[in-house]
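Student: First residue of the sequence shown? That's -7 in the working numbering, and the numbers climb one at a time after it.
In this text, a Cβ means the ideal position worked out from N, Cα and C, and glycines have one as well.
It should be emphasised that the depicted structure is a prediction, and the values quoted were computed from it without experimental measurement.
Quick one: structure below, then a few questions.
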Amino acid sequence: MKKSLWGKTKEGVDVQLFTLTSGEIEVRLTDFGAHLVSVRTPDRKGKVADVVLGFDSLEPYVKGANGYQGAVVGRFANRIAKGQFTIDGTFYQIPVNNGPNALHGGPVGFDRAVWKAEEVANGVEFAHVSPDGDMGFPGTLTAKVRYTLAGTTLRLDYSATTDKATVLNLTNHSYFNLRGDDDGDILGHVVELSADRYTPAGSGQIPTGEIATVAGTPLDFRTPQVVGARINDDFEQLTMARGYDHNFVVSGAAGTLRRAARVSEPERGRTLTVETTEPGVQFYSGNFLNGTVTGRYGKKYEPRMGLCLETQVFPDAPNHGNFPNSVLRPGETFKSTTVFTFGVE
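What follows is the structure, given as structure tokens:
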């Protein structure tokens, strides 16, 4: 691993860039927002390219580039309806930043913080202390994410503790493009999801509370499907979200590491397998990238130029008793693992 000074925040805080190499792939990380900045992998002909959307300088991240590219988002990833929830009879209000709802922890989430970095074997661990009342969330929360690289596998181990009951949902918000981040959209990618069910969304992409079958819908990825084949179908869930932006219920027992998704790109041959201990995964087709930011090589990040596979508890879980528990209490330790494995075929 190599570490270098990458720049400073607007407040003058130093930001570091960490480079991990395994001999097979290269990964770059920063302590600003615990971002995954870059993953460089070869295609079937040996040509190396970045397969996550990102930037070669700190400035776009500090400015809050459209899309949360590569960030660890929290305290509660995804949406909370009206930014409101109740724990043990106490009402909490989070500032809204996505229409009438709170998204990814509110206007100043974990993606805006400089995390404390510690070198570990084969990687780096980032830690962030979120004080009681931060963005309206209760409890002083200590969150950690450890990135380790072995061969073609990048592993993310999350943990957290709190001194007061709070809600928690941590994920990584990387956008993947297995063609290379400067080489077109993801509509030709082939996606397979280990999910028989999903959580339908209503207005503002807030779950209705139903857990529905994917059978007979364009959200059925139980067998490999080309992303662009059905993305514009006349199906209410797709038209409301401008494409895919849905939480899928990962098959198998939550808490056990199991496959959530597999992605392949036929022309270049790169593949990505996602495993997780989390109960859900948000498949997002980059519908709201808007071309306002320029990535590497001068390429503007337009809609559908990257896809996300955000492992998570379900969106708006604090407000749905039938969804997996998202409350963390004093004396408990939250633990979660997500594994990204890159390959070729």
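1. Express the C-alpha separation of Thr153 and Lys29 in angstroms, rounding to a whole number.
2. According to DSSP, which residues form a beta bridge with Gly125?
3. Evaluate Lys136 with the Cβ neighbour count: other Cβ atoms within 10 Å of its Cβ, from every protein chain shown; 16 or more gives buried, anything less gives exposed.
4. Provide the residue(s) that pair with Leu148 in DSSP beta bridges, ordered along the chain.
5. If you follow the beta strand (DSSP E) that Lys(-6) is in, where does it begin and where does it stop?
6. Comparing alpha-carbon positions, which option in Gly62, Ala69, Val159, Asp225 lies nearest Asn169?
7. Out of His165, Asn90, Tyr84, state which residue places its alpha-carbon closest to the alpha-carbon of Gly125.
8. Provide the residue(s) that pair with Asp42 in DSSP beta bridges, ordered along the chain.
9. If I measure Cβ to Cβ from Arg189 and keep anything under 7 Å in the same chain, skipping five residues before and after, which residues do I get?
10. Please identify the residue among Val273, Val112, Phe102, Arg138 whose C-alpha is closest to the C-alpha of Val121.
11. Sorted by chain position, which residues of the same chain lie with C-beta nearer than 8 Å to Thr325's C-beta, five sequence neighbours on each side aside?
12. Look at the alpha carbon of Ala113 and the alpha carbon of Leu45, and state the distance between them as a whole number of angstroms.
13. Have a look at Leu21 and Asp48 and give me their C-alpha separation to the nearest angstrom.
14. Output needed for Thr200: all residues of its chain with C-beta closer than 8 Å, excluding positions within five of it in sequence on either side, in chain order.
15. What distance in whole Å lies between the Cβ atoms of Val255 and Leu414, which are believed to be in contact at a cut-off of 8 Å?
16. Per DSSP, what kind of secondary structure is Asn93 in: helix, strand or coil?
17. When the Cα atoms are used, what is the spatial distance from Met127 to Glu51?
18. Which residue wins for smallest C-alpha separation from Gly272, given the options Gly261, Ala253, Pro258, Thr78?
19. Going by beta-carbon coordinates alone, are Tyr289 and Asp237 separated by less than 7 Å?
20. State the beta-bridge partners of Leu21 as determined by DSSP.
21. Please name the residue, chosen from Phe24, Gly4, Gly(-1), Lys39, that lies closest to Arg344 on a Cα-to-Cα basis.
22. Taking only the alpha-carbon atoms, compute the straight-line gap between Cys300 and Asp80 and give it to the nearest angstrom.
23. Just reading off the alpha helix (DSSP H) that Gln229 is part of, what are its end residues?
24. Which value, in whole angstroms, describes the spacing of the CA atoms of Leu146 and Thr33?
25. Three or more C-beta pairs closer than 8 Å, one from the stretch 154 to 166 and one from the stretch 300 to 314: is that the case here?
26. Have a look at Asn58 and Thr134 and give me their C-alpha separation to the nearest angstrom.
27. At which residues does the alpha helix (DSSP H) containing Ala221 begin and terminate?
28. Between which two residues does the alpha helix (DSSP H) holding Glu259 run?
29. In the DSSP assignment, find the alpha helix (DSSP H) that holds Tyr53 and state where it starts and stops.
30. Do Gly323 and Arg296 have their beta-carbon atoms positioned less than 7 Å apart in this structure?
31. Taking the alpha-carbon of Arg71 as reference, which of Val5, Pro210, Ile86, Ala187 has the nearest alpha-carbon?
Tutor: Quick look at the numbers:
1. For the record, residue 29 in the displayed sequence is Val; it is not Lys. Our two residues, Val29 and Thr153, have alpha carbons roughly 26 Å apart in a direct line.
2. Beta-bridge pairing links Gly125 to no other residue.
3. Flag for Lys136 reads buried.
4. Its beta-bridge partners are Tyr139, Thr330.
5. Counting along the chain, Lys(-6) sits inside the beta strand (DSSP E) bounded by residues -6 to 0.
6. Nearest C-alpha to Asn169: Gly62.
7. The candidate whose alpha carbon is nearest that of Gly125 is Tyr84.
8. The beta-bridge partner set that DSSP reports for Asp42 consists of Arg32.
9. Only Ile203, Ala204, Thr205, Val206, Val241 meet the Cβ criterion.
10. The option with the nearest alpha carbon to Val121 is Phe102.
11. Excluding residues within five positions, the ones whose Cβ falls inside 8 Å are Ser151, Ala152, Thr153.
12. Per the coordinates, the alpha-carbon of Ala113 lies some 26 Å from the alpha-carbon of Leu45.
13. Looking at the two C-alpha atoms, the distance is approximately 11 Å.
14. Within its own chain, the residues whose Cβ lies closer than 8 Å to the Cβ of Thr200, once the five positions on either side in sequence are excluded, are Thr191, Pro192, Ala193, Gly194, listed in chain order.
15. For residue 414 there is no data in the structure shown, the boundaries of the chain being -7 and 337.
16. Correct three-state label for Asn93: strand.
17. The straight-line gap separating the alpha-carbon atoms of Met127 and Glu51 is approximately 24 Å.
18. Answer by Cα proximity: Ala253.
19. No; because the gap between Cβ atoms is not below 7 Å, this pair is not in contact.
20. Paired residue(s): Phe10, Leu28.
21. Missing from the structure shown is residue 344; the chain here goes from -7 to 337 and no further.
22. The C-alpha of Asp80 is placed about 33 Å away from the C-alpha of Cys300.
23. Bounds of the alpha helix (DSSP H) holding Gln229 are 228 to 233.
24. Answer to the nearest angstrom: the Cα atoms are 12 Å apart.
25. Two segments are said to touch when three or more pairs of C-beta atoms, one from each, lie closer than 8 Å; by this definition the stretch 154 to 166 touches the stretch 300 to 314.
26. Note on geometry: alpha-carbon atoms of Asn58 and Thr134 lie some 27 Å from one another.
27. Counting along the chain, the alpha helix (DSSP H) containing Ala221 begins and ends at 219 to 222.
28. For Glu259, no alpha helix (DSSP H) segment is defined, and its DSSP state is neither H nor E.
29. That run of the alpha helix (DSSP H) goes 51 to 55.
30. In this structure, Gly323 does not lie closer than 7 Å to Arg296 by Cβ.
31. The shortest C-alpha to C-alpha distance from Arg71 to any of Val5, Pro210, Ile86, Ala187 is the one to Ile86.
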